[in-house]
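*Asks:* Handing you this structure, nothing more for now.
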């Protein structure tokens, strides 16, 4: 018999399927050349060294002088454009809109074409996180940017067409409805119990142990009890805070290390699966919330959703969170 | 410059991208054999006539005697299983769960292997809707079923591995969180304005005309103003009602006709795209709501979502709703 589990933070129900359940090994990707086996350079890649004139204007490079290690460029096809000052929201009956202003940048993570965060050193991974944080802080200075989302799409199933390792950051002039809904649920938990639901969750998961993947001084990586898809992972900071922009340098370094550790285990264990990771942080103008907690989600793209998920918002997970976590605990990352 | 639009019913924001925008013709599917060009029978298909012993127990057939036109069978790999009476929800700290009880059936829509709702007659499409409604009414008699979702996955991008046309119905013992969130937004609109937001929406869209695909005496088919993906369609009943189970026989017939009309236009215009459709209806134990309105959503699977959508709940639509609707208005369905 399957189990229906609820994520106590988001209040979302998930069907943990036993009938359709697959063993962790069954999610291993076989049909594609793993990242490390691709060429180290590509003449066609707009992000490879030597092709720096191809992509749009550079916004930042590290180090500032000499050959770069990390570059930030404007997205060539940005979802949102920098506006020229203010903007107005338009309300006309059932139609509501505002101009698509905001900012959308790409972080080229490495000079190397054939790598990814699971293969680099902890320090290199931390550098990417530090750049994301620096850009988010910069985005927060734009008066109309209400919310920032940092994410990476790795591989075609995760929605990218470019192989070269790159993250993205979008600053948007609205707070997404889903973010507000999640804030509301977290606030209710806080008002009921006097506690942050995420603080409670990581503590209980460390005590339980069975869904823990790995941990360090500053972070805990778990497969959530109600993970919505196979190997869906949360990396939660131990210190309470709602705002990724306020993570300390030590936390940024530790996040780089644990993110690289988990992505390295996925790379080795599932043979370079496509994945998305997202940094979930509070809206920019809601700082220091007692009830909200920033964290990182990793979603390996190893299954597909369909009409059931779209029509209900509920997911069917064909892997047992406990089994997925045990599998990843047993994998040695690079 | 892109536009950020809000769906006034769901309160979800969507980026309508102009930078990345593609013309309707660019979404035409070319790489796959269209449904009608496949063989009429397959010896390997568990849903084809002659293979009736392959799938699990038959639940219903139409007509009851002689060769069947529509069959209902249990899903071979059900998401949820029929329980044996009651059940309990378990609350243990941050862990909340209940057994995976419910019901999951498959509606084999036709004897013919190489057809789909966009190719059949209006009467045949209506028969499928009538069977879905009959099964939903049956599911509603199960004491612990709180919510029913009817949907179809057409094609591999839409999440099905079986070609033979089939819909599905799932009865579940919880009300999905997303449904509750949408109810709450619709209730707020009603409390503010004294009107059902869906009634307001279809009336305004008929008056505006530019996002209208087609209409009949009982239904209106539109591309929503804040459609979240290319050719995302809503089919809204003109008569207010929150419950698909209470649609009249005339409405069921008219829904069959308009669904077949829209899916036929998609078939011809985009060359048999993969799609999901879902019937969105109120929770079973919330009948006759003033503020909620049942409807059908169609989502052609012509693009892919990625980290941005997952991390924000916001979508980027690379097609202009007005242009998509104009394109479909100009297509002659079979």
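Residue numbers (this note's numbering), protein chains in the order written: chain C, 763 to 1096; chain E, 763 to 1096. Note that beta-carbon positions come from the ideal geometry of N, C-alpha and C, so glycine has one too.
1. Can you tell me which of the three DSSP states residue 805/C falls into?
2. In the structure shown, what three-state DSSP assignment does residue 1056/C receive?
3. Assign residue 790/C to one of two classes, buried (16 or more other C-beta atoms within 10 Å of its C-beta) or exposed (fewer than that).
4. With distances taken Cα to Cα, identify the nearest neighbour of residue 925/E among 1073/E, 1053/E and 1034/E.
5. Taking DSSP's pairing of strands, which residues face residue 983/E in a bridge?
6. Go through the segment 995-1054 of chain C residue by residue and report every complete run of the beta strand (DSSP E) that reaches 3 residues or more, in order.
7. Using 8 Å as the limit for Cβ to Cβ distance, is residue 773/C near chain E?
8. Report yes or no: do the segment 877-893 of chain E and the segment 857-868 of chain E share at least 3 C-beta pairs separated by less than 8 Å?
9. Give, in chain order, every residue of the segment 855-877 of chain C whose Cβ lies closer than 8 Å to some Cβ of chain E.
10. Counting pairs of beta carbons, one from the segment 786-800 of chain E and one from the segment 1001-1010 of chain E, are three or more of them closer than 8 Å?
11. Judging by CA-CA distance, which residue of 985/E, 1022/E, 1067/E and 997/E is the nearest neighbour of residue 1042/E?
12. Rounded to whole angstroms, what is the Cα-Cα separation between residue 1005/C and residue 1006/E?
13. Could you spell out where the beta strand (DSSP E) holding residue 1077/C opens and where it closes?
14. Would you list the residues sitting across from residue 933/E in a DSSP beta bridge?
15. Residue 944/E lies in the alpha helix (DSSP H); which residues open and close that run?
16. Name the two residues that bound the continuous beta strand (DSSP E) containing residue 770/C.
17. In chain C, what lies closer than 7 Å to residue 1076/E by C-beta?
18. Please classify residue 815/E: is it buried, with 16 or more other beta-carbons within 10 angstroms of its beta-carbon, or exposed?
19. Should residue 1026/C and residue 894/C be called a contact, given that it needs their Cβ atoms to be closer than 8 Å?
20. Only counting the same chain, and skipping five residues up and downstream in sequence, which positions put a Cβ closer than 6 Å to that of residue 1051/E?
21. Of all the CB atoms in chain E, is at least one closer than 8 Å to the CB of residue 1002/C?
22. Excluding five sequence neighbours on each side, which residues of the same chain lie with their C-beta closer than 8 Å to the C-beta of residue 836/C?
23. Less than 8 Å between CB atoms is the rule here; does residue 994/E satisfy it with respect to chain C?
24. If contacts are defined as beta-carbon pairs under 8 Å, then residue 1024/E and residue 995/E qualify, I think. What distance do you get, rounded to the angstrom?
25. When you compare the CB of residue 962/C with every CB in chain E, is at least one pair closer than 8 Å?
26. Out of curiosity, what's the CA-to-CA distance linking residue 1038/C and residue 1067/E?
27. Using CA coordinates, which residue listed in 1092/C, 1085/C and 1093/C is at the minimum distance from residue 1132/C?
28. Evaluate residue 795/C with the Cβ neighbour count: other Cβ atoms within 10 Å of its Cβ, from every protein chain shown; 16 or more gives buried, anything less gives exposed.
29. Measuring alpha carbon to alpha carbon, tell me which of 1078/C, 1088/C, 1091/C and 1094/C ends up nearest residue 1100/C.
30. Quick one: Cα of residue 768/E to Cα of residue 1088/C, how far?
31. If the cut-off is 8 Å on Cβ atoms, which residues from the segment 823-842 of chain C count as contacting chain E, listed in chain order?
32. Going along chain C, which residues have a C-beta under 9 Å from residue 935/E?
33. On the DSSP bridge assignment, give the partners of residue 765/C in chain order.
34. For a test of the three-state rule: what should DSSP assign to residue 903/E, helix, strand or coil?
35. Under three-state DSSP, which class holds residue 990/C?
36. Beta carbons nearer than 7 Å to chain C: which residues of the segment 902-920 of chain E have them?
*Replies:* So, to answer that:
1. Along the first chain, one-based indexing puts residue 805/C at 43. Three-state DSSP puts residue 805/C in coil, outside helix and strand.
2. Position 294 of the first chain, counted from the start, is the residue given in the question as residue 1056/C. Residue state, collapsed to three classes: coil.
3. For the purposes of this step, residue 790/C is taken as the residue at position 28 of the first chain. Taking a 10 Å sphere around the C-beta of residue 790/C, we find fewer than 16 other C-beta atoms and assign the residue as exposed.
4. To locate residue 925/E, count along the second chain from 1; it is residue 163. Checking every option, the nearest Cα to that of residue 925/E belongs to 1034/E.
5. As a position in the second chain, residue 983/E is number 221, starting the count at 1. DSSP lists 976/E and 997/E as partners of residue 983/E.
6. Counting only runs that start and end inside the segment 995-1054 of chain C, the beta strand (DSSP E) elements of at least 3 residues fall at 995-999 and 1037-1042.
7. Position 11 of the first chain, counted from the first residue, corresponds to residue 773/C. Interface residue, yes.
8. With fewer than three CB-CB distances shorter than 8 Å, the segment 877-893 of chain E does not count as touching the segment 857-868 of chain E.
9. So the close ones are 855, 856, 857, 858, 859, 860, 861, 862 and 863.
10. With the cut-off at 8 Å, the segment 786-800 of chain E and the segment 1001-1010 of chain E do not touch.
11. Here residue 1042/E refers to the residue found at position 280 of the second chain. Nearest of 985/E, 1022/E, 1067/E and 997/E to residue 1042/E, Cα basis: 997/E.
12. By one-based count along the first chain, residue 1005/C stands at place 243. By one-based count along the second chain, residue 1006/E stands at place 244. So the alpha carbons of these two residues sit roughly 43 Å apart.
13. As a first step, residue 1077/C is located in the first chain; it is residue number 315 there, counting from the start. First-last of the beta strand (DSSP E) with residue 1077/C: 1077-1079.
14. Reading the second chain from its first residue, position 171 is the one you call residue 933/E. Answer is 865/E and 910/E, bridged to residue 933/E.
15. Locating residue 944/E in the second chain gives position 182, counting from the first residue. From DSSP, the alpha helix (DSSP H) with residue 944/E extends over 939-955.
16. Taking the first residue of the first chain as 1, we reach residue 770/C at position 8. For residue 770/C, there is no enclosing beta strand (DSSP E), since its DSSP letter is neither H nor E.
17. To locate residue 1076/E, count along the second chain from 1; it is residue 314. Contact annotation for residue 1076/E against chain C: 938 [CB-CB distance below 7 Å, chain order].
18. Along the second chain, read from residue 1 onward, the residue named residue 815/E stands at position 53. Residue environment: residue 815/E is assigned as exposed (fewer than 16 neighbouring CB atoms within 10 Å of its CB, all protein chains considered).
19. The residue given as residue 1026/C occupies position 264 in the first chain. The residue given as residue 894/C occupies position 132 in the first chain. Contact: no.
20. Walking along the second chain from the start, residue 1051/E turns up at place 289. Hits under 6 Å: 1004 and 1044.
21. Locating residue 1002/C in the first chain gives position 240, counting from the first residue. For residue 1002/C, the answer is no, since every Cβ of chain E falls outside 8 Å of its Cβ.
22. Within the first chain, numbered from 1, the residue matching residue 836/C stands at position 74. Excluding positions up to five away in sequence, the list reads 817, 818, 819, 821, 866, 867 and 868.
23. Translated into positions along the second chain, residue 994/E becomes position 232. At a cut-off of 8 Å between beta carbons, residue 994/E makes no contact with chain C.
24. Along the second chain, one-based indexing puts residue 1024/E at 262. Along the second chain, one-based indexing puts residue 995/E at 233. Going by Cβ atoms, the distance from residue 1024/E to residue 995/E rounds to 6 Å, so yes, they are a contact pair.
25. Counted from its first residue, the first chain places residue 962/C at position 200. Interface residue (Cβ-Cβ distance to chain E less than 8 Å): residue 962/C is classified as such.
26. As a position in the first chain, residue 1038/C is number 276, starting the count at 1. As a position in the second chain, residue 1067/E is number 305, starting the count at 1. Between the C-alpha atoms of residue 1038/C and residue 1067/E there is a straight-line separation of about 10 Å.
27. Residue 1132/C lies beyond the residue range present for chain C, which begins at 763 and ends at 1096; the question has no answer from this structure.
28. Within the first chain, numbered from 1, the residue matching residue 795/C stands at position 33. It counts as exposed.
29. In this structure chain C extends from 763 to 1096, so residue 1100/C is not present and cannot be described.
30. Residue 768/E sits at position 6 when you count from the first residue of the second chain. Residue 1088/C sits at position 326 when you count from the first residue of the first chain. Between the C-alpha atoms of residue 768/E and residue 1088/C there is a straight-line separation of about 42 Å.
31. Cβ contacts with chain E come from 839, 840, 841 and 842.
32. Position 173 of the second chain, counted from the start, is the residue given in the question as residue 935/E. Within 9 Å Cβ-Cβ: 766.
33. Within the first chain, the letter at position 3 stands for residue 765/C. Paired residues: 778/C and 861/E.
34. In the second chain, residue 903/E corresponds to position 141, counting from 1. In the structure shown, residue 903/E falls within a coil segment according to DSSP collapsed to helix, strand and coil.
35. Taking the first chain and counting its residues from 1, the one referred to as residue 990/C is at position 228. The answer is coil: DSSP assigns residue 990/C none of H, G, I, E or B.
36. Listed by position along the chain: 911, 913, 914, 915 and 920.
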